[in-house]
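A.B. asks: Take this structure, written in structure tokens, and hold onto it; I'll ask about it next.
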Ligand code: COI
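Residue numbers (my numbering): 1152 to 1518.
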């Protein structure tokens, strides 16, 4: 499928765009264009378009409004130090998008079509890619079920794919300040159970997380830490990002980054995977192993856990300083401040993403 190009004849004026880019925030302002494509049973993907960003018109009966058939991705385009703009591991996002779609009984989209949509949008709206430290153009590919029917026998027979973009600083604010997060152990709610949709990037997972996130914010926390559904003991991930622990057990051993292993209740993050691969190159051990809440607390109390951090496309790498839970439970990780391993990994990852450092894994995809 090729994309028809319909350029916006009323783009945001240059001066206004520059003012937005001076302080983009996260996910508040959207660029001049979006890409759309439709899928119908029997026809496959068709009507691909680059067009002006704007509202989409849907009937109230569209299936997405009732049964929540929706999945999305979070990606970024980075202004490169040597000029130009690049995506980071976009094929991994394409593959995850298709796995999410499959879990939700939606059609897959060919990798080449997914990439072409991103490249078209980023090329057209290249002037919207901010140039400040830690800034990028955040990209949101999504798919929704559009069939007008309330019956619940079979999945929708029509879908809409959209990619739109938003200039962004890191989710937790400008990188140079690196504020340590306080996280809330969610013991009342469950994000995902075995056999459910936890490994899919499905809107419904995020809808179900808001109540817990609101509780965490009311407790003075930034993010929720999700525990397993059966025992509410094993750490899984955070509200929209993965989690890593840093262990430094002394005795000449190397510092070790640890993250819970992937199961069907965890979102397989692109940043998570990248850090597991980068760590050994930076002299760190990397391990996927389960971590319970009592182990977490004990490792901090004994000084063997020196750091923890959240990671994701939006969050990049954000240090975690403190943990809080019900009944006044709480502890500090290390000295509560961003630690050297968190900083080192962050520097390395951002260095590759912005083209400042060599890219031995060929992760950077120039547009
Ligand atoms: C991302 O990191 O891209 C996400 O989709 C997470 C979201 C909570 C902002």
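Where a beta carbon is used, it is the ideal one built from N, C-alpha and C, also for glycine.
Specify the secondary structure class of residue 1215 as computed by DSSP and reduced to three states.
C.D. replies: In the chain shown, the residue the question calls residue 1215 occupies position 64. Three-state result, residue 1215: helix.
A.B. asks: Taking C-alpha atoms, which residue in 1257, 1249, 1404, 1277 lies nearest to residue 1265?
C.D. replies: Locating residue 1265 in the chain shown gives position 114, where the first residue counts as 1. The shortest C-alpha separation from residue 1265 is found at 1249.
A.B. asks: Following the continuous alpha helix (DSSP H) through residue 1502, name the residue where it begins and the one where it ends.
C.D. replies: Start at 1 with the first residue of the chain shown, and residue 1502 comes out as number 351. 1491-1504 is the extent of the alpha helix (DSSP H) around residue 1502.
A.B. asks: Name the two residues that bound the continuous alpha helix (DSSP H) containing residue 1364.
C.D. replies: The sequence position of residue 1364 within the chain shown is 213, counting from 1. 1361-1369 is the extent of the alpha helix (DSSP H) around residue 1364.
A.B. asks: In chain order, what residues of the same chain lie with their CB nearer than 8 angstroms to the CB of residue 1157, ignoring the 5 residues before and after it?
C.D. replies: The residue given as residue 1157 occupies position 6 in the chain shown. Around residue 1157: 1200, 1201, 1202, 1203.
A.B. asks: How is residue 1430 classed by DSSP in three states: helix, strand or coil?
C.D. replies: Walking along the chain shown from the start, residue 1430 turns up at place 279. Note: residue 1430 maps to helix in three-state DSSP.
A.B. asks: Between the stretch 1325-1342 and the stretch 1467-1476, do at least 3 Cβ pairs fall closer than 8 angstroms?
C.D. replies: Touching, per the Cβ criterion.
A.B. asks: Taking 7 angstroms as the cut-off, is the beta-carbon of residue 1218 closer than that to any non-hydrogen atom of the ligand COI?
C.D. replies: Here the question's residue 1218 lines up with position 67 in the chain shown. Checking the Cβ of residue 1218 against the ligand COI gives no.
A.B. asks: According to the Cβ coordinates, are residue 1317 and residue 1180 closer than 8 angstroms?
C.D. replies: The residue given as residue 1317 occupies position 166 in the chain shown. The residue given as residue 1180 occupies position 29 in the chain shown. A contact, by the Cβ cut-off of 8 angstroms.
A.B. asks: If we call anything under 8 angstroms between Cβ atoms a contact, is residue 1443 one with residue 1384?
C.D. replies: For the purposes of this step, residue 1443 is taken as the residue at position 292 of the chain shown. For the purposes of this step, residue 1384 is taken as the residue at position 233 of the chain shown. Yes, the pair counts as a contact, with Cβ atoms nearer than the cut-off.
A.B. asks: Can you list, in chain order, the residues of its chain whose CB lies under 7 angstroms from that of residue 1468, leaving out five sequence neighbours each side?
C.D. replies: Walking along the chain shown from the start, residue 1468 turns up at place 317. Contacts found: 1460, 1462, 1493, 1496, 1497, 1500.
A.B. asks: Excluding sequence positions up to five away, which residues of its chain have a Cβ less than 7 angstroms from the Cβ of residue 1405?
C.D. replies: To locate residue 1405, count along the chain shown from 1; it is residue 254. If we look at residue 1405 and ignore the five residues flanking it on each side, its Cβ neighbours are 1434, 1435, 1436.
A.B. asks: Quick check for students: name the residue ranges of the alpha helix (DSSP H) that lie wholly in the stretch 1327-1400, counting only runs of 4 or more.
C.D. replies: Qualifying alpha helix (DSSP H) stretches, in chain order: 1354-1358, 1361-1369.
A.B. asks: Rounded C-beta distance between residue 1197 and residue 1272? I'm assuming under 8 angstroms.
C.D. replies: For this step, residue 1197 is matched to residue 46 along the chain shown. For this step, residue 1272 is matched to residue 121 along the chain shown. Residue 1197 to residue 1272, Cβ: 19 angstroms. No contact.
A.B. asks: In the DSSP assignment, find the unbroken beta strand (DSSP E) run with residue 1312 in it and report its ends.
C.D. replies: By one-based count along the chain shown, residue 1312 stands at place 161. Residue 1312 -> beta strand (DSSP E) spans 1309-1319.
A.B. asks: Assess, as a yes-or-no matter, whether the stretch 1344-1352 is touched by the stretch 1308-1322 under the definition of 3 or more beta carbon pairs within less than 8 angstroms.
C.D. replies: No: the two stretches stay apart, fewer than three of their Cβ pairs being nearer than 8 angstroms.
A.B. asks: Using alpha carbons as the reference points, say which of 1154, 1489, 1209, 1222 lies closest to residue 1354.
C.D. replies: As a first step, residue 1354 must be located in the chain shown, where it is residue number 203. Nearest option by C-alpha distance: 1222.
A.B. asks: Distance, Cα to Cα, residue 1220 vs residue 1293?
C.D. replies: Position 69 of the chain shown, counting from 1, holds the residue named residue 1220. Position 142 of the chain shown, counting from 1, holds the residue named residue 1293. One C-alpha to the other measures close to 11 angstroms.
A.B. asks: In terms of DSSP beta bridges, what is residue 1474 paired with?
C.D. replies: If you number the chain shown from 1, residue 1474 lands on position 323. Its beta-bridge partners are 1334, 1482.
A.B. asks: Note the first and the last residue of the continuous alpha helix (DSSP H) segment covering residue 1252.
C.D. replies: Translated into positions along the chain shown, residue 1252 becomes position 101. Segment 1241-1254, the alpha helix (DSSP H) holding residue 1252.
A.B. asks: To which residues of the same chain is residue 1458 closer than 6 angstroms at the C-beta, ignoring the five residues directly before and after it?
C.D. replies: Looking up residue 1458 in the chain shown gives position 307. Around residue 1458: 1397, 1485, 1490, 1492, 1493.
A.B. asks: Any heavy atom of the ligand COI inside 7 angstroms of the beta-carbon of residue 1465?
C.D. replies: As a working mapping, residue 1465 is identified with position 314 in the chain shown. Checking the Cβ of residue 1465 against the ligand COI gives yes.
A.B. asks: Would the beta-carbon of residue 1518 fall within 8 angstroms of that of residue 1262?
C.D. replies: As a working note, residue 1518 is residue 367 in the chain shown. As a working note, residue 1262 is residue 111 in the chain shown. In this structure, residue 1262 does not lie closer than 8 angstroms to residue 1518 by Cβ.
A.B. asks: Please name the residue in 1159, 1243, 1186 whose C-alpha comes closest to that of residue 1512.
C.D. replies: Locating residue 1512 in the chain shown gives position 361, where the first residue counts as 1. Residue 1243 is the option with its Cα nearest to residue 1512.
A.B. asks: By the 10 Å Cβ neighbour count, where 16 or more other Cβ atoms means buried, how is residue 1507 classified, buried or exposed?
C.D. replies: By one-based count along the chain shown, residue 1507 stands at place 356. Result: exposed.
A.B. asks: Cutting at 8 angstroms between CB atoms, please list the residues of its own chain near residue 1241, excluding the five before and the five after it.
C.D. replies: One-based indexing of the chain shown puts residue 1241 at position 90. Around residue 1241: 1226, 1265, 1266, 1269, 1516.
A.B. asks: Between residue 1152 and the ligand COI, is there a pair consisting of the residue's CB and a ligand heavy atom that are separated by less than 7 angstroms?
C.D. replies: In the chain shown, the residue the question calls residue 1152 occupies position 1. No, since every heavy atom of the ligand COI falls outside the 7 angstroms radius drawn around the Cβ of residue 1152.
A.B. asks: Pull up the distance between the alpha-carbon of residue 1413 and that of residue 1359, whole angstroms please.
C.D. replies: Against the chain shown, residue 1413 aligns to sequence position 262. Against the chain shown, residue 1359 aligns to sequence position 208. Straight-line Cα distance between these residues: approximately 20 angstroms.
A.B. asks: Going by beta carbon distance, what residues of the same chain come within less than 8 angstroms of residue 1279, once the five residues before and after it are set aside?
C.D. replies: Within the chain shown, numbered from 1, the residue matching residue 1279 stands at position 128. Result list for residue 1279: 1168, 1172, 1182, 1183, 1288, 1316, 1318, in chain order.
A.B. asks: Are the beta-carbon atoms of residue 1298 and residue 1291 separated by less than 8 angstroms?
C.D. replies: Residue mapping note: residue 1298 aligns to position 147 of the chain shown, counting from 1. Residue mapping note: residue 1291 aligns to position 140 of the chain shown, counting from 1. In this structure, residue 1291 does not lie closer than 8 angstroms to residue 1298 by Cβ.
A.B. asks: Could you give the distance in angstroms between the alpha-carbon of residue 1155 and the alpha-carbon of residue 1259?
C.D. replies: Taking the first residue of the chain shown as position 1, residue 1155 is located at position 4. Taking the first residue of the chain shown as position 1, residue 1259 is located at position 108. Taken atom to atom, the span from the alpha-carbon of residue 1155 to that of residue 1259 is near 21 angstroms.
A.B. asks: For residue 1518, which three-state DSSP category applies?
C.D. replies: As a first step, residue 1518 is located in the chain shown; it is residue number 367 there, counting from the start. In the structure shown, residue 1518 sits in coil (DSSP, three-state: anything other than H, G, I, E or B).
A.B. asks: By the three-class DSSP mapping on this structure, what secondary structure does residue 1282 have?
C.D. replies: Counting from one through the chain shown, the residue named residue 1282 turns up at place 131. Under the three-state reduction of DSSP, residue 1282 is assigned to coil, being neither helix nor strand.
A.B. asks: In this structure, how does DSSP classify residue 1274 when only helix, strand and coil are distinguished?
C.D. replies: Here residue 1274 refers to the residue found at position 123 when the chain shown is read from its first residue. Helix.
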